[in-house]
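A.B. asks: One structure, as structure tokens, below. Some questions next.
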Amino acid sequence: MKNYKYDNLIVASSPHLVDSITTSKIMAMVIIALMPAFAVSIWVFGARAIFLTGICIIACVVFEYLFNKITKKPSTIGDFSAVVTGILVAFNVPVNFPYWMAIIGCFVAIIIAKQLFGGIGQNFVNPAITARVVLFLAFSTEMTSWPTPQRIFLATDAVTGATPLALFAKQNFDQLPSNTEMFLGTIGGCIGETSALALLIGGLFLLFKKIISPTIPVSFLGTMVVISLIAGIDPIFQICAGGAMIGAFFMATDYSTSPLTTNGKIIFGIGCGLITMVIRLFGNYPEGVSFSILFMNLIVPHIDNLSRRKLYGGGVKND
Amino acid sequence: MTKLDLIKNGIIKENPVLVLLLGACPTLAVTTSAINGLGMGVSTMTVLICSNIVISLLKSVISPKVRIPCYIVVIAGFVTMVGFLLNAYVPDIYDSLGLFIPLIVVNCIILGRAEMFASKNSVLNSAADGIGMGLGFTLALFLMGAIREFLGAGTLFGFTITANIIKPMTIFALPPGGFFVFGCLVALINFISKGRAIKKTEMGCSNCPSAEACGKSEKGECNN
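As structure tokens, then:
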């Protein structure tokens, strides 16, 4: 039931109930959008990607259920948000990551980043990003030993090697994979972040279904391209490498941790891209997507305040 | 209020670190291990008791207009003594605490108790208050240090407990782990005392750092 009479009005900022879409439907769409990347990860890294993702999903759902049970709140596992968090946590760790460490990551994501602050819609940082950063700081050896792609189903012993970004940071430019390999995802890295193509398909699906708006991904990746061009490095390599694609489409666009207005989203995206590139070019770590998104998450309330829309005919502060 | 009440007050009900949230800087910086936390706590407690006694003795001599410099001189004197003692008898702790020993001078718990308590109360009561507050501070720091050392390095007082069984989480030895343990302990104290430790009406919504972004601060219904 579309109201054509008011079609020329620009409507933004939540909350507006416009159709029958629910949280569980949105989350189901996100899960569908993550499936291409999951398929590529199984092809590239073997069966352990399935087990690790499965364990993360189960751990997240169980933590969510137990927390709701203990605090006597209505159970929120039906909205699938814990499933999405579980998939994203698994996508953000290397495939040979120990299971128990991944479960600690799920605990951080669900209990600490999400439920302690009031559950879905109340979290001020993205749970999966928080889990990644905590795991990275807690178990940096395990988080940075990347198996090289096997492309053999049920590969048992993985060989570890540097990711393209680590090679880039060490200036081993001749060992870098080609941009085609980077785009397809047959490179070392975290489970779900290697294939730019698969993530792009999922991201475009979400854009097409209007689950996410293009503002944040475009300004995020656009800023990275601009800075790469200024610095004189290959922009395609930069946006295909590391967590840029999964971060821009799936984690920076989280509703409760991104600004409400379009202007705010542009500031948010540019900030993410800027911090990512600054860390990649000048920082100690080869990759900065997770830190940049976490940092921008923290200043979202201030961005919201700054980008507040003026009332029509207003201009005088209504106190 | 008896002297025992004064001591008990400082340990739980008005714990300087976990309830009054004073002295967060040494709390977060030095508690990477249990022994560091204990060393810092005992040093601060010694200074606190001595400065409380001396300031209480001098309260009729010190002119109110120049009281803060006078308190600082007294506190700095005791901090210098404690620093020399640590350097002479426990050089290991002295080295690992480093700059934070001279910084006890500007610890807001000591100055706060001098201003709020010792300058208005009798010598014995001030000493009791110093013991209570010092014990509260020491316990909080020891607890934080022990938790961070256990989770971050798998050891306790340098003895290996779990380090060779499961891999310790290094994040607890880093600053984010400090904030994390600090937050959990504050929440725990608040849970145990059922919120009575912190008087919410005195805090008020308007004093909350996120009052502007909250939107409900005018109605004062943050909890709902």
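Protein chains in written order, with the numbering used here: chain C, 3 to 321; chain S, 21 to 244.
Note that beta-carbon positions come from the ideal geometry of N, C-alpha and C, so glycine has one too.
1. Quick one: which chain S residues come within Cβ less than 7 Å of residue 136/C?
2. Give the list of continuous beta strand (DSSP E) stretches no shorter than 3 residues that lie fully inside the stretch 168-215 of chain C.
3. From residue 186/C to residue 45/C, what does the alpha carbon distance come to, in whole angstroms?
4. So, residue 90/C versus residue 167/C, is the Cβ gap smaller than 9 Å?
5. Kindly indicate the opening and closing residues of the alpha helix (DSSP H) around residue 72/S.
6. Tell me the rounded alpha-carbon separation between residue 22/S and residue 71/S.
7. Residue 209/S: which of 163/S, 24/S and 61/S sits nearest, CA to CA?
8. Would you tell me roughly how many angstroms separate the C-alpha atoms of residue 218/C and residue 241/C, rounded to the nearest one?
9. Do the stretch 52-59 of chain C and the stretch 98-108 of chain C meet, that is, are 3 or more Cβ pairs less than 8 Å apart?
10. Whose CA, out of 159/S, 177/S and 56/S, lies closest to the CA of residue 117/S?
11. Which of the three DSSP states, helix, strand or coil, is assigned to residue 176/S?
12. Of all the options 284/C, 258/C, 313/C and 265/C, which has the alpha carbon lying nearest to the alpha carbon of residue 296/C?
13. Are the beta-carbon atoms belonging to residue 194/S and residue 172/S less than 9 Å from one another?
14. Considering only residues of the stretch 37-76 of chain C, which uninterrupted alpha helix (DSSP H) runs meet the minimum length of 4 residues and lie entirely inside it, listed in chain order?
15. Note the first and the last residue of the continuous alpha helix (DSSP H) segment covering residue 197/S.
16. Which residues in the same chain as residue 160/S place their Cβ atom closer than 8 Å to its Cβ, once the five residues preceding and following it in sequence are excluded?
17. Closer than 8 Å by beta-carbon distance: list the chain C residues that pair up with residue 23/S, in chain order.
18. Identify whether residue 140/S lies in helix, strand or coil by the three-state DSSP scheme.
19. Among 193/C, 39/C and 274/C, which has the Cα closest to the Cα of residue 291/C?
20. Are the C-beta atoms of residue 186/S and some chain C residue less than 9 Å apart?
21. Whole angstroms is fine: what's the gap from residue 110/C's alpha carbon to residue 53/C's?
22. Looking only at its own chain, which residues have a Cβ that is under 8 Å from the Cβ of residue 306/C, when we skip the five neighbours before and after it?
23. Any idea what DSSP makes of residue 219/C, helix, strand or coil?
24. Does the distance from the C-beta atom of residue 201/C to that of residue 138/C stay below 9 Å?
25. What are the start and end residues of the alpha helix (DSSP H) that includes residue 107/S?
C.D. replies: In short, the structure shows the following:
1. Here residue 136/C refers to the residue found at position 134 when the first sequence is read from its first residue. Per Cβ cutoff of 7 Å: 191.
2. none
3. The count along the first sequence starts at 1 and reaches residue 186/C at position 184. The count along the first sequence starts at 1 and reaches residue 45/C at position 43. If you take the alpha carbons of residue 186/C and residue 45/C, they lie about 11 Å apart.
4. For the purposes of this step, residue 90/C is identified with residue 88 of the first sequence, where counting begins at 1. For the purposes of this step, residue 167/C is identified with residue 165 of the first sequence, where counting begins at 1. No, these two residues do not count as a Cβ contact at 9 Å.
5. Looking up residue 72/S in the second sequence gives position 52. Residues 54-77.
6. Position 2 of the second sequence, counted from the first residue, corresponds to residue 22/S. Position 51 of the second sequence, counted from the first residue, corresponds to residue 71/S. Going from the Cα of residue 22/S to the Cα of residue 71/S covers about 21 Å.
7. Counted from its first residue, the second sequence places residue 209/S at position 189. The shortest C-alpha separation from residue 209/S is found at 163/S.
8. Working through the first sequence from its first residue, we reach residue 218/C at position 216. Working through the first sequence from its first residue, we reach residue 241/C at position 239. When rounded, the distance between both Cα atoms is 14 Å.
9. yes
10. The sequence position of residue 117/S within the second sequence is 97, counting from 1. Nearest of 159/S, 177/S and 56/S to residue 117/S, Cα basis: 56/S.
11. Along the second sequence, read from residue 1 onward, the residue named residue 176/S stands at position 156. Of the three classes helix, strand and coil, the one that applies to residue 176/S here is strand, per DSSP.
12. Position 294 of the first sequence, counted from the start, is the residue given in the question as residue 296/C. Nearest C-alpha to residue 296/C: 258/C.
13. Against the second sequence, residue 194/S aligns to sequence position 174. Against the second sequence, residue 172/S aligns to sequence position 152. Yes; because the gap between Cβ atoms is below 9 Å, this pair is in contact.
14. 50-72
15. Residue numbering aside, residue 197/S sits at position 177 when the second sequence is read from its first letter. It spans 195-212 - the alpha helix (DSSP H) in which residue 197/S sits, taken as one unbroken run.
16. Start at 1 with the first residue of the second sequence, and residue 160/S comes out as number 140. Only 35, 36, 37, 38, 47, 61 and 205 meet the Cβ criterion.
17. For the purposes of this step, residue 23/S is taken as the residue at position 3 of the second sequence. Correct list: empty, because the minimum Cβ distance to chain C is about 39 Å.
18. Mapped onto the second sequence, residue 140/S falls at position 120. It is coil, neither helix nor strand.
19. For this step, residue 291/C is matched to residue 289 along the first sequence. Per the Cα distances, 274/C.
20. One-based indexing of the second sequence puts residue 186/S at position 166. Using a Cβ-Cβ cut-off of 9 Å, residue 186/S counts as an interface residue toward chain C, since at least one Cβ of chain C sits closer than that to its own.
21. Numbered from its first residue, the first sequence carries residue 110/C at position 108. Numbered from its first residue, the first sequence carries residue 53/C at position 51. Cα-Cα distance, rounded: 20 Å.
22. Position 304 of the first sequence, counting from 1, holds the residue named residue 306/C. The answer, listed in chain order, is 261, 262, 263 and 266.
23. Residue numbering aside, residue 219/C sits at position 217 when the first sequence is read from its first letter. Reduced to three states, the DSSP call for residue 219/C is helix.
24. Locating residue 201/C in the first sequence gives position 199, where the first residue counts as 1. Locating residue 138/C in the first sequence gives position 136, where the first residue counts as 1. No, Cβ-Cβ distance for residue 201/C and residue 138/C is not below 9 Å.
25. To locate residue 107/S, count along the second sequence from 1; it is residue 87. 87-109 is the span of the alpha helix (DSSP H), which, as asked, contains residue 107/S.
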